[in-house]
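Numbering (full-length UniProt numbering), first residue to last: 1 to 48.
As structure tokens, this is what we get:
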């Protein structure tokens, strides 16, 4: 698994873990830069 595949898979897991942010359904329509920003936000929330 490449680095990109790893963080995208992790993003999907984080989105499922925090459904209150309503991000899960929107992931497929977002640009990679947007996905990265959401990933960093959810990662920060998870480390809380």
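Don't be surprised by glycine CBs; every beta carbon is placed ideally from N, CA and C. All of these numbers come straight from a predicted model, not from anything done at the bench.
Under the three-state reduction of DSSP, residue 33 is assigned to helix.
Residue burial is scored here from C-beta neighbours: residue 4 has fewer than 16 other C-beta atoms within 10 angstroms and is therefore classed as exposed. Contact between residue 15 and residue 27 holds, since their C-beta atoms are separated by about 6 Å, short of 8 Å. Taking 9 Å as the cut-off, the beta carbon of residue 17 is found closer than this to the beta carbon of residue 42.
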